[in-house]
């Protein structure tokens with residue numbers, strides 16, 4: 263069956279679902295099995311949605327799933343309604359990002375009402391990712407990552423997801439020059455990581471990033487932070503990250519741009535700088551008199 267045939271079949275299913283929905287609202291239907299007609303209509307909308315998906319008509323699929331979700335709500339089937347809103351959101355992601363967000367938000371409302379905060383958090387992450395990649399609204403992405411982080415921090419079993427959300431917030435906060443907020447988050451995640459056998463190795467990265475955020479504010483802030491992190495986590499002292507920050511502090515104190523650039527180059531030959539680190543290191547470099555335009 264080609265796409266037009268699939269769409270035709272889907273439309274027929276929707277027409278049938280609409281008839282079932284209308285007939286369920288009559289007086290006699292309410293007396294004798296109106297709810298079963300709504301259940302049948304839900305199934306028809308779901309089948310139609312899947313036919314639209316096969317035809318790659320994502321908006322129509324999203325609308326059909328959303329219709330099913332509304333009928334589930336009428337029947338007080340909260341879990342089924344939330345599932346249908348998620349299906350609608352996933353379909354809309356391919357055609358209408360804002361409508362995808364609307365559907366995911368409806369699902370989140372249901373899950374939080376049911377006390378299912380971990381599932382709600384995962385869908386806040388999905389919304390944040392849409393704002394990041396599709397709508398490019400970083401403030402809203404941050405808000406959803408923060409909400410997800412808040413929900414998952416309550417659940418000890420969800421530490422990895424909580425950290426993912428917090429680190430996203432920290433990275434964006436630093437880019438937006440909200441250095442105190444960023445450094446506090448990196449320090450919080452680093453402190454948690456150093457006490458974990460599995461995460462201990464990554465603690466140095468978080469303390470490194472926290473120190474750079476302090477450095478963007480003030481050199482003395484960075485020195486004090488570095489001392490604090492070395493005392494908290496002695497293994498940090500031997501890391502390439504800690505040694506780099508110390509070299510950068512010396513270069514900054516001497517107002518020596520060449521020494522600063524050389525230290526960064528040396529680090530980059532072994533551990534490649536990503537875009538975030540490059541941005542932070544350039545910002546710090548610009549506070550040295552006579553800075554150059556680039557790190558390499």
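Numbering (this note's numbering), first residue to last: 263 to 558.
For every residue, glycine included, the Cβ atom is placed at its ideal position computed from N, Cα and C.
- Taking residue 388 as the centre and dropping the five residues before and after it, the same chain places the C-beta of 366 closer than 7 Å to its C-beta, in chain order.
- According to the DSSP assignment, residue 352 belongs to the alpha helix (DSSP H) that extends over 340-354.
- Within the same chain, and ignoring the five residues on either side of residue 485 in sequence, the residues whose Cβ sits closer than 7 Å to its Cβ are 511.
- For the options 408, 463, 423 and 547, the alpha carbon positioned closest to that of residue 523 is the one of 547.
- In this structure, 327 is the residue among 337, 355 and 327 with its C-alpha nearest to the C-alpha of residue 346.
- In this structure, the beta-carbon distance from residue 533 to residue 502 falls below 8 Å.
- In this structure, residue 344 sits away from residue 354, with a CB-CB distance that is not shorter than 8 Å.
- With fewer than 16 other Cβ atoms inside 10 Å of its own Cβ, residue 298 counts as exposed.
- The beta carbon of residue 449 is closer than 6 Å to those of 472 in its chain, skipping five residues each way along the sequence.
- Taking one beta carbon from each stretch, the segment 381-401 and the segment 420-434 have 3 or more pairs nearer than 8 Å; the two touch.
- A direct Cα-to-Cα measurement between residue 539 and residue 452 gives close to 17 Å.
- With a minimum length of 3 residues, there is no unbroken run of beta strand (DSSP E) contained wholly in the segment 414-476.
- Residue 549 carries a coil assignment under DSSP once its states are collapsed to helix, strand and coil.
- By the neighbour-count criterion, in which 16 or more other beta carbons inside 10 Å mark a residue as buried, residue 463 falls on the exposed side.
- For residue 526, the enclosing alpha helix (DSSP H) stretches over residues 519-532.
- Between residue 410 and residue 383, the C-beta gap is smaller than 8 Å, which places the two residues in contact.
- The beta carbon of residue 420 is closer than 6 Å to those of 380 and 414 in its chain, skipping five residues each way along the sequence.
- The alpha-carbon separation between residue 334 and residue 497 amounts to approximately 55 Å.
- Secondary structure note for residue 367: its alpha helix (DSSP H) is the uninterrupted segment 359-375.
- Residue 395 and residue 407 have their C-alpha atoms some 14 Å from each other.
- The C-beta of residue 476 has 16 or more other C-beta atoms within 10 Å across all chains shown, which makes the residue buried.
- In this structure, DSSP gives residue 330 a helical state, which the three-state scheme calls helix.
- Inclusion of residue 300 and residue 336 in the CB contact set at 8 Å is warranted, their separation being smaller than that value.
- With a threshold of 16 other beta carbon atoms within 10 Å, residue 351 meets it and is buried.
- Contact between residue 488 and residue 507 holds, since their C-beta atoms are separated by about 6 Å, short of 8 Å.
- Between the alpha carbons of residue 517 and residue 397 lies a gap of roughly 41 Å.
- Under the three-state reduction of DSSP output, residue 272 falls in the helix class.
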